[in-house]
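Student: In our numbering, the protein residues as written are -10 to 309. Virtual Cβ for every residue (Gly too), placed ideally from N, Cα, C.
1. Looking only at C-alpha atoms, which of 12, 295, 227, 172 sits nearest to residue 213?
2. To the nearest angstrom, how far is it from the Cα of residue 219 to the Cα of residue 128?
3. Reducing DSSP to helix, strand and coil, say where residue 210 ends up.
4. Please state whether DSSP places residue 141 in a helix, a strand or coil.
5. Which residue marks the beginning of the beta strand (DSSP E) containing residue 196, and which one marks its end?
6. Distance, Cα to Cα, residue 113 vs residue 269?
7. Between residue 101 and chain D, is there a C-beta pair that is closer than 8 Å?
8. On the DSSP letters alone, give me the boundaries of the alpha helix (DSSP H) that residue 259 sits inside.
9. For residue 273, is the classification buried or exposed, using 16 other Cβ atoms within 10 angstroms of its Cβ as the cut-off for buried?
10. With distance defined between alpha-carbon atoms, name the residue in 132, 206, 90, 271 nearest to residue 152.
11. Helix, strand or coil, according to DSSP, for residue 23 in the structure here?
12. Is the CB-CB distance between residue 180 and residue 141 below 8 Å?
13. By Cβ distance below 6 Å, which residues in the same chain neighbour residue 42 in space, the five residues on each side in sequence not counted?
14. Flag this pair as yes or no: are the beta carbons of residue 287 and residue 138 separated by less than 8 Å?
15. Taking the alpha carbon of residue 10 as the reference point, which residue from 103, 67, 189 has its own alpha carbon closest?
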């Protein structure tokens, strides 16, 4: 058994969007896909988050979304697909062989490069939090910034001898010469970081905003400070969000970002046309409660699509 996830047609596509097997043929401004397997530490890392994208797809067919894609949405004061045109394509899953972690990294990065080369914004649901540098690696021809929402710093050099695992993604992102500013928000409680990693992150130029500072000063304050030139890759470890909106995680910690705060940041950058890509990681459907986490991911992705309009060519929308 090869344990390979291929890019076969999903049973239900994201928001009933058209499906496309070849990312080099994209013509919509957004592309939804999964990178289900990150570089692991333990065997359980390979499967716990692998079904996240399917759960998000399924949620887009549950009321109030099912069959109402042409209805008015007050989050962006328009319909999601104006003029009956689809703005997003579902690319399925990046084909990966979980027996070979390095191939996950290389294949995933190549896939993202194809998406970015077509001018599309990747909307990614990943496995564990080793996915973000795979996505960030696809922007080598553009200077980007990173907005990292997480309960944890994720700036370890290595763990168990693994340098590409889920304790290290922001350090790996910081090593890309095309990554400019890195803003880390939502840190709280105890994680894998030791004092040295915190000092390293700050020395590298990362800006660290704890969850408590954000709650006190407000998401609009943070949004107004994101003035660096270039677009932003928004990478969200779901445990960075409050458990009331993202219970489907293994490291639950009270006090995370609320939906209001998340939406302010995501929609605010989208309205400025500054979202380069969005990545959600560490969502474990088996731990979710009434699909709340899947719905949160869906709504935030819809806010990006609805608030960041693009003149790029679009496909006729196939929803009923």
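Tutor: On the basis of the data shown:
1. Considering only alpha carbons, the answer is 172.
2. Computed Cα separation, rounded: 12 Å.
3. Reduced to three states, the DSSP call for residue 210 is helix.
4. Reduced to three states, the DSSP call for residue 141 is coil.
5. For residue 196, the uninterrupted beta strand (DSSP E) run begins and ends at 196 to 199, by DSSP.
6. One C-alpha to the other measures close to 6 Å.
7. The structure shown has no chain D; it contains just one protein chain.
8. Its alpha helix (DSSP H) spans residues 248 to 260.
9. Of the residues assessed, residue 273 falls on the buried side of the cut-off, its CB having 16 or more other CB atoms within 10 angstroms.
10. It is 90 whose Cα lies nearest to the Cα of residue 152.
11. Residue state, collapsed to three classes: strand.
12. Contact check for residue 180 against residue 141 passes: the beta carbons are separated by less than 8 Å.
13. These residues qualify, in order along the chain: 23, 114.
14. Remark: C-beta atoms of residue 287 and residue 138 do not approach each other more closely than 8 Å.
15. Comparing Cα-Cα distances from residue 10 to each of 103, 67, 189, the minimum goes to 103.
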